[in-house]
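In my numbering, the protein residues as written are 34 to 98.
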């Protein structure tokens with residue numbers, strides 16, 4: 034009796050482990066793919082404008098000091 038319960042528990046744990054091993058990489062990669070949307074760069078530039086460049090040299094930003 035105990036051995037049947039033990040086998041059942043071990044099989045459930047193996048199935049759960051296999052399911053997690055299969056789904057976790059999918060969840061992580063989908064999160065990475067969908068995390069960066071095209072308009073995120075525009076939003077970032079609104080919050081933090083790109084540095085002004087004159088003759089190839091970036092001007093110092095007084096807000097950073």
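Glycine included, every Cβ here is placed at the ideal spot set by N, Cα and C.
Fair warning: this is a prediction, and the values are worked out from it, not measured in the lab.
Separation of residue j from residue i, as counted between CA atoms
i: residue 50; j: residue 85; result: 53 Å
i: residue 48; j: residue 42; result: 10 Å
i: residue 44; j: residue 61; result: 26 Å
i: residue 58; j: residue 46; result: 19 Å
i: residue 52; j: residue 87; result: 56 Å
Cβ-based burial, residue i [other Cβ within 10 Å; buried from 16]
i: residue 98; result: Model confidence at residue 98 stands at a pLDDT of 49, short of 50, so the residue's coordinates are unreliable; what they give is reported in the following sentence. Exposed.
Sequence-distant residues of the same chain with beta carbon closer than 6 Å to residue i, five excluded per side
i: residue 55; result: none
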